[in-house]
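S.K.: Residue numbers (this note's numbering): 8 to 300.
Virtual Cβ for every residue (Gly too), placed ideally from N, Cα, C.
Once you've had a glance at the structure underneath, I'll fire off some questions.
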Amino acid sequence: MKEEISRLKKEKNAVILAHNYQSGEIQRIADFVGDSLELARKATQIDSDVIVFAGVDFMAETAAILNPDKEVLIPSQIASCEMARFLTPEIIKKYREEYPNAQVVLYVNSTAACKALADITCTSANAVKVVNSLDSDVVLFGPDANLAYYVSQRTDKKIVPMPPNGHCYVHTNLGAENVRRDGVLMVHPECSPDLQKIADVIASTGGMIKYVRNSDAKRFVVATERDMVERLKMEFPDREFVPAWENAICLGMKQITLKGVYESLKNEKYLVKVPDDIASKARRAIERMLEVS
Ligand code: SF4
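Structure (structure tokens):
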């Protein structure tokens with residue numbers, strides 16, 4: 008299967024981008040592995056005809072928005088992000104009416120239709136920087152209320168979570184009572200405020216890699232999706248990494264399999280298409296983020 012994937016990649020001039028939450032076997036066949044920000048950036052620099060996106064729907068949509076001339080494929084039609092479902096264009100319009108002077112910052116974990124209504128997008132790696140780059144004193148921030156809390160602790164601006172209960176089930180279930188504490192505790196900002204408060208470090212997945220690189224510690228407890236441990240082990244084979252909680256599994260991410268990637272390349276499916284009017288507005292919000300970060 009791996010040989011076939013490699014052959015098809017050459018034949019179709021394709022690259023495989025994989026998120027840090029993909030299983031180890033997918034990470035090992037990918038041309039590039041990273042967090043949402045790194046993958047969005049990479050998507051603007053790729054010289055290939057086809058991008059196979061081993062991640063969830065909003066990430067593949069972002070790649071398609073940034074590459075209107077390329078064929079962007081996602082190997083599964085049910086690889087979706089539950090958090091993105093908390094926000095709709097109607098909710099954004101309602102909040103904008105209520106806060107006419109506020110600017111809208113959307114986490115990239117949102118649909119293209121929502122991004123089209125944002126002033127700027129952000130990832131967990133650059134959320135504070137993005138918010139602090141804005142002129143307005145009030146920021147409508149969606150859809151993750153936990154990331155909104157994280158940002159609110161690091162800015163003078165008023166952060167209004169939109170909606171108030173948006174969250175990721177994987178990170179929210181990583182409650183302070185579930186996690187082990189036998190190493191440096193690295194916590195993702197999508198986790199609850201309770202867990203953020205007991206963290207040794209709070210960082211995006213890309214930020215965790217940078218933190219480990221600059222740390223002398225030998226053992227790390229990783230409070231985010233379980234397979235982030237695979238990525239860290241690949242980067243730092245001389246250190247020890249354990250998931251903070253074994254059950255922290257993103258079912259959307261796990262829809263991507265080797266067989267799925269092979270069939271995606273072979274049959275050029277599933278094509279990710281974003282309508283032009285939505286794509287052009289969403290592109291503005293994403294490119295503005297890439298300029299700031
Ligand atoms: S881990 Fe949570 S936020 Fe990330 S893709 Fe999965 S459901 Fe979405």
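Assign residue 182 to one of two classes, buried (16 or more other C-beta atoms within 10 Å of its C-beta) or exposed (fewer than that).
M.R.: Working through the sequence shown from its first residue, we reach residue 182 at position 175. Residue 182 comes out exposed.
S.K.: Which whole runs of the beta strand (DSSP E) in the segment 28-93 are 3 residues long or more, in chain order?
M.R.: Counting only runs of 3 or more, we get 39-41, 57-61, 78-80.
S.K.: For the candidate residues 94, 75, 68, 76, whose alpha-carbon lies nearest to that of residue 82?
M.R.: Looking up residue 82 in the sequence shown gives position 75. Of 94, 75, 68, 76, the residue nearest in Cα terms is 68.
S.K.: Consult DSSP for residue 256 and reduce its assignment to one of helix, strand or coil.
M.R.: By one-based count along the sequence shown, residue 256 stands at place 249. The answer is coil: DSSP assigns residue 256 none of H, G, I, E or B.
S.K.: Given that a residue counts as buried once 16 or more other Cβ atoms are within 10 Å of its Cβ, and exposed if not, what is residue 260?
M.R.: Position 253 of the sequence shown holds residue 260. Residue 260 should be labelled buried.
S.K.: Check whether the Cβ atoms of residue 98 and residue 268 lie closer than 8 Å to each other.
M.R.: Numbered from 1 along the sequence shown, position 91 holds the residue referred to as residue 98. Numbered from 1 along the sequence shown, position 261 holds the residue referred to as residue 268. Not in contact: residue 98 and residue 268 (Cβ atoms no closer than 8 Å).
S.K.: Going by C-alpha to C-alpha distance, which of 246, 252, 296 sits closest to residue 234?
M.R.: The count along the sequence shown starts at 1 and reaches residue 234 at position 227. Out of 246, 252, 296, 252 has the C-alpha closest to the C-alpha of residue 234.
S.K.: List the whole-angstrom C-beta distance separating residue 47 from residue 297, where the pair is believed to meet the contact cut-off of C-beta under 8 Å.
M.R.: In the sequence shown, residue 47 corresponds to position 40, counting from 1. In the sequence shown, residue 297 corresponds to position 290, counting from 1. Between residue 297 and residue 47 the Cβ distance is about 7 Å, and since that is below 8 Å, they are a contact.
S.K.: Taking the alpha carbon of residue 108 as the point to measure from, which residue in 51, 167, 255, 224 has its own alpha carbon closest?
M.R.: Mapped onto the sequence shown, residue 108 falls at position 101. Comparing Cα positions, the closest option is 167.
S.K.: Can you tell me where the alpha helix (DSSP H) with residue 17 in it begins and where it stops?
M.R.: One-based indexing of the sequence shown puts residue 17 at position 10. Per DSSP, residue 17 belongs to the alpha helix (DSSP H) from 9-19.
S.K.: Beta-carbon within less than 7 Å of residue 11's beta-carbon, same chain only, minus the 5 sequence neighbours each way: which residues are those?
M.R.: Against the sequence shown, residue 11 aligns to sequence position 4. 269, listed in sequence order.
S.K.: Between residue 40 and residue 20, how many whole angstroms is the CB-CB distance? I'm expecting something under 8 Å.
M.R.: Here residue 40 is taken as the residue at index 33 of the sequence shown, counted from 1. Here residue 20 is taken as the residue at index 13 of the sequence shown, counted from 1. Going by Cβ atoms, the distance from residue 40 to residue 20 rounds to 20 Å, so no, they are not a contact pair.
S.K.: Please give the ranges of any beta strand (DSSP E) in the segment 149-179, keeping only runs that are unbroken, at least 3 residues long and fully inside the region.
M.R.: Here the runs fully enclosed are 165-168.
S.K.: Count Cβ pairs between the segment 77-94 and the segment 171-188 that sit closer than 8 Å; are there 3 or more?
M.R.: With the cut-off at 8 Å, the segment 77-94 and the segment 171-188 touch.
S.K.: Is residue 116 near the ligand MG, in the sense that its beta carbon is under 7 Å from a heavy atom of that ligand?
M.R.: This structure lacks the ligand MG; the ligands present are the ligand SF4.
S.K.: From which residue to which residue does the beta strand (DSSP E) around residue 192 run?
M.R.: The sequence position of residue 192 within the sequence shown is 185, counting from 1. Residue 192 -> beta strand (DSSP E) spans 191-194.
S.K.: So what does DSSP say about residue 106, is it helix, strand or coil?
M.R.: Here residue 106 is taken as the residue at index 99 of the sequence shown, counted from 1. It is coil, neither helix nor strand.
S.K.: Taking residue 247 as part of the alpha helix (DSSP H), name the residues at either end of that continuous run.
M.R.: Mapped onto the sequence shown, residue 247 falls at position 240. Counting along the chain, residue 247 falls outside any alpha helix (DSSP H), though it belongs to the beta strand (DSSP E) covering 247-250.
S.K.: So, using beta-carbon positions, are residue 226 and residue 191 closer together than 8 Å?
M.R.: Within the sequence shown, numbered from 1, the residue matching residue 226 stands at position 219. Within the sequence shown, numbered from 1, the residue matching residue 191 stands at position 184. Their beta carbons are under 8 Å apart, which means residue 226 touches residue 191 by this criterion.
S.K.: Return the Cβ separation of residue 31 and residue 132 in integer angstroms, given the expectation that the two are a contact with Cβ distance under 8 Å.
M.R.: Here the question's residue 31 lines up with position 24 in the sequence shown. Here the question's residue 132 lines up with position 125 in the sequence shown. About 22 Å separates the two Cβ atoms, so there is no contact after all.
S.K.: What's the call for residue 105, buried or exposed, on a 16-neighbour Cβ count within 10 Å?
M.R.: In the sequence shown, residue 105 corresponds to position 98, counting from 1. Exposed.
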